Amino acid sequence: MSAASPAPQIYGGDEVSAVVLDTGSWTTRAGFAGEDTPKAVFSTSYGLREEPEEESKEKKDADGDTAMEEKQTTSEKRKHYYIGENSLHLPRANTEIHNPMHEGVVKDWTAMEQIWDYALNKSLGIDPTEHPLLVTEQPWNSRANRASAMQLAFETFSVPAFYIAKTPVAALFASGKGTGLVVDIGHDVVSVTPVIDGLPLYRPARRSLYASRFLSFELQNMLETRYTSFPDTAYGHIPTALKRPRYMISARKVPLPVNTAPPAGAVILRNFPNVYTPGPGVPTESFRDLEVETRIVEEYKHTMCQVADTPFKKDNKELVDSVPARVFEFPDGSNFEFGALERVAITEALFNPKADEFKMDRFPVPSKTEEPIAEAAAAAAAVAAAAAAAAASTTKDKKADAKEPHESTADQKPAEPAANGASKEQTAGQASGATNGAASTGTATGTTAPAAPPVPPPTPAYMLNDVRPIPPFSRTLGLSDLIVSAINACDVDIRPNLANNIVITGGGSLLQGLTDRVNQDLSHALAGLKIRIYAPGHVTERSCAAWVGGSILASLGTFHQLWVSKREYEEVGPDKLLDRRFR
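Residue 700, in this note's numbering, is where the sequence shown stops; the numbers in between run on with no holes.
Given below as C-alpha cells:
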C-alpha cells in the first residue's frame, strides 16, 4: 500500500517544514512555510573577488562573515563570494559587485547556487535534504531557467520535494484572492498580470522596465546635476556629497547649517589601504555605486519622495506650493532643502516615462530589438503575409526552374520578407535565436541544381515551449497605462472582476501616495468599471507578498499533490516534468 502511494503525500500538512525561497532583483526572501514573514531578507547582489590559487591559500576573510569560495581549476583562480548584508557592505579591494538577476529572471546560475546555499545553510541553518523547497518565478521566466532551478534543487541540494510557484499567483494568494489583477512594482520590472482562479493569463499581461531602478536612476541624475532650488553656496556640492557614501566618512567635525557646503577639513575621509584591505588598493567603483544606491538614493526615495494625486506640472503653482520643502542630510553632514520639483515631479517618471523634466531618455530602456506591443502585432501580421507570399511563389518557382534554373535565386526574392518578419516576431516574443536559424531562403549557386522550395517562416517565439506568450516590454506606457492596457486586453466579461480586485505589491509600491494616484487614474480611464485596490499597509506584507503567498500555499494540507518528489524527478526526468507540472 505504501509503495503504491505517491511520494509527494509525505509532504502534506503543517508538519512539512517546507522552505519558501523568493528571489527578486533587489532582495531575496527565505523562510519556513506557515510563518507570517520570511526569516531572512538580504540583498540579491553579491561581491565577487578572484585571486590566484597561491594567494587564496594564505589569505583569510578578516571580517568574520561568510565568504563562500569556489575553486576554478581551469583558470587557477579561486572565487570569493560575499553574500548577506554584513559581508556585502564591507569595503574590500578588488571586489566587484554583481547581480545574478536580469529583468526579473536569473541570468547567472553559478552565482544563484551560492545565494541559495547562503539562504538555506547559513541564514536558515537547515539541512536542505530534509525540507521540501518552494521557489517563485516570474511569468516570463524561460523553460531553460525552470529546468536549471529544478536541477539545482534536486541534484545540488538534494531536496526531497520541489515546486515552482508563479509570483503573481502567490502574491494574489497572500491577499486571500483567487482572481484579480496583480501589479508588481519591483526593482527591475513593473508587471501587470491578470489571474483567473489561480491561473495567470499570459497574453493580456503587461510589463515595463520603468520600475524602481528607473526611479533610482533619475534620482541619482537629479542629485548630481540639478541645483535650481539651491543657493549659490551649494552649487557643485551635491555631486561631491553623493560621491561620499557613508563608508568613506571617518568623522564630521561640526554640524552644518541647511544649504551650506562643509568647509575645508570639516569631513575626514577614511584611509582605505590601511584600514579595510589586507593589501594595497581601494574599494571598486561598483562597490561605491552600490553604497550610493542603497545608502543614499534609496533612503532619499523612501523618506523624501511622494506621488501627486494628479499628473504633476511644474507650472501648476497651487500644486507646487502644496508640497512643503523638506531637508535631507547626506552622509558627509551636508543638509539641503528639496521642494516639490525634487520630491514630487521626479516620481512622475513612473507614470509618464517620456516626460522631459529630468532627461529620462538616458535610462537604458529595452534594446531597440525589443518591440512594443503594437509593433509585435504588426510583426505577426508581416509573418502571415510573408507566408502567403512564399506559398504563392512556390508554383512560379517550379515553372521557372524547369526552363531557366539559373533564375531560381531571383525568383525566390519574394520569400525574403518572411525572414525579416520572423526576426521581428522572435524579438517580439523575447526569445531570439530559439528558431534554429531558419530564416535563410538562398539556394545553391550551381546552374543545374533544382531550386529549393521556399523555407516557411519560423514558428513565432511566443508559440515555442521555451517562452510563454507574454507581450514584450513596453517602451512607452507608464504604470497606470500598463494597468489599463492589461484590463482592456482581457475578455469583456472578466474586466469588472479584475478591476474590482487589483492587488499592488512590490518594494517599489511603497512610495507615499502611489496607490491613491493609481486609483485616481484608473477611475478616469475606466469610468465604467468599479475600481478597488488592495495594497497592504504593512511594509513586509507588501514587499514580500509573493513569499507570504508561497508560505501559505506550501503549508496547506491539500498542497501535497503538487509537490514534485526527487524520486519522480529521477524516474520521469526534467523535460516531462516541465511539460506536465510547470508549463
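Note that CB positions come from ideal geometry on N, CA and C, so glycine has one too.
Quantities reported herein were computed from a predicted structural model and do not represent experimental measurements.
Give the range of the beta strand (DSSP E) segment to which residue i is assigned.
i      : result
LEU419 : Position check: residue 419 holds His in this sequence, whereas Leu was assumed. Looking at the DSSP string, HIS419 is not in any beta strand (DSSP E); the run it does join, the alpha helix (DSSP H), is 415-421.
LEU298 : 297-302
ASN452 : 452-455
GLY148 : 144-149
THR253 : 250-254
HIS197 : 194-199
SER367 : 366-369
ALA157 : 157-160
PHE445 : 443-446
VAL136 : 136-140
GLU213 : 213-215
LEU386 : 384-386
Could you tell me the alpha carbon to alpha carbon distance between residue i and residue j, rounded to whole angstroms?
i      : j      : result
PHE445 : LEU326 : 28 Å
VAL437 : ALA457 : 6 Å
HIS680 : ILE650 : Before going further, note that residue 680 is Trp rather than His in the sequence given. Straight-line Cα distance between these residues: approximately 32 Å.
SER367 : SER403 : 21 Å
THR420 : SER602 : 31 Å
ARG260 : LEU695 : 8 Å
VAL399 : GLU213 : 12 Å
GLU435 : ARG700 : 52 Å
TRP143 : GLU335 : 17 Å
LEU289 : ARG263 : 21 Å
ASN203 : GLY624 : 21 Å
VAL701 : HIS215 : The structure shown does not extend to residue 701, since the chain is modelled only from 118 through 700, so no value can be given for it.
LYS283 : GLU465 : 30 Å
GLY130 : LYS418 : Because the pLDDT at GLY130 is just 47, under 50, the model does not fix this residue reliably, and the point stays unresolved.
ASN537 : ILE611 : Caution applies to ASN537, whose pLDDT of 36 falls short of 50 and renders its modelled position unreliable; the value that the coordinates give is listed next. Those two C-alpha atoms are separated by around 36 Å.
ASN433 : ASN258 : 43 Å
THR154 : LEU205 : 23 Å
THR657 : SER329 : 17 Å
ILE621 : ASP449 : 36 Å
ARG323 : ASP301 : 11 Å
LEU165 : PHE331 : 25 Å
TRP226 : ASN636 : 39 Å
GLU688 : GLN678 : 17 Å
GLN337 : LYS194 : 36 Å
MET365 : ARG387 : 6 Å
GLU152 : GLN268 : 27 Å
LEU673 : GLN423 : 39 Å
On the DSSP letters alone, give me the boundaries of the alpha helix (DSSP H) that residue i sits inside.
i      : result
THR284 : 284-291
ALA264 : 260-268
SER240 : Premise fails: SER240 is in no alpha helix (DSSP H) and is neither H nor E.
ASP406 : 402-408
GLU687 : 683-689
VAL437 : 434-438
GLU230 : 226-234
Taking only beta-carbon positions, decide if residue i is within less than 8 Å of chain C.
i      : result
PRO362 : Protein chains in the displayed structure number just one, and chain C is not present.
Which residue wins for smallest C-alpha separation from residue i, given the options the options?
i      : options                        : result
PRO470 : HIS677, SER597, PRO317, GLY201 : SER597
HIS304 : GLY164, SER626, ARG698         : SER626
THR593 : PHE468, ALA606, GLU341         : PHE468
ALA652 : SER640, LEU673, GLY630         : GLY630
GLU408 : ARG443, ALA644, PRO380, LYS360 : LYS360
ILE619 : PHE279, ILE232, VAL299         : VAL299
PHE453 : GLU202, VAL424, ARG405, LEU340 : LEU340
GLY667 : GLY645, GLU202, GLU254, CYS422 : GLU254
ASP234 : THR140, GLY295, HIS219, VAL384 : THR140
PHE676 : PHE279, GLY201, LYS194, LEU241 : PHE279
ARG320 : LYS370, PRO256, LEU237, ARG659 : PRO256
GLY315 : VAL440, LYS239, PRO691, GLY297 : GLY297
PRO285 : ILE313, PRO372, ASP426         : ILE313
ASN238 : LYS224, VAL223, ALA210, ILE200 : ILE200
VAL222 : LYS693, LYS194, VAL252         : VAL252
Just to confirm, are residue i and residue j a CB contact at a threshold of 8 Å?
i      : j      : result
ALA291 : ALA662 : yes
ILE604 : LEU643 : yes
THR161 : GLU230 : no
GLY148 : ALA157 : yes
ALA442 : PHE455 : yes
LEU250 : ALA270 : yes
THR246 : PRO277 : yes
GLU410 : SER333 : yes
ALA671 : ALA150 : yes
ALA383 : LYS431 : no
LEU646 : ILE600 : no
PRO362 : ILE281 : no
I'd like to confirm something about residue i: is its beta-carbon nearer than 7 Å to some heavy atom of the ligand FMN, or not?
i      : result
VAL252 : The ligand FMN is absent from the structure shown, which contains no ligand whatsoever.
(request) Would you list, in sequence order, the uninterrupted beta strand (DSSP E) runs of no fewer than 3 residues that lie entirely inside the segment 301-328? (result) 307-313, 323-325
(request) Report the residue ranges of all alpha helix (DSSP H) runs contained in full by the segment 598-665; include only those spanning at least 4 residues, in chain order. (result) 612-616, 631-642, 656-660
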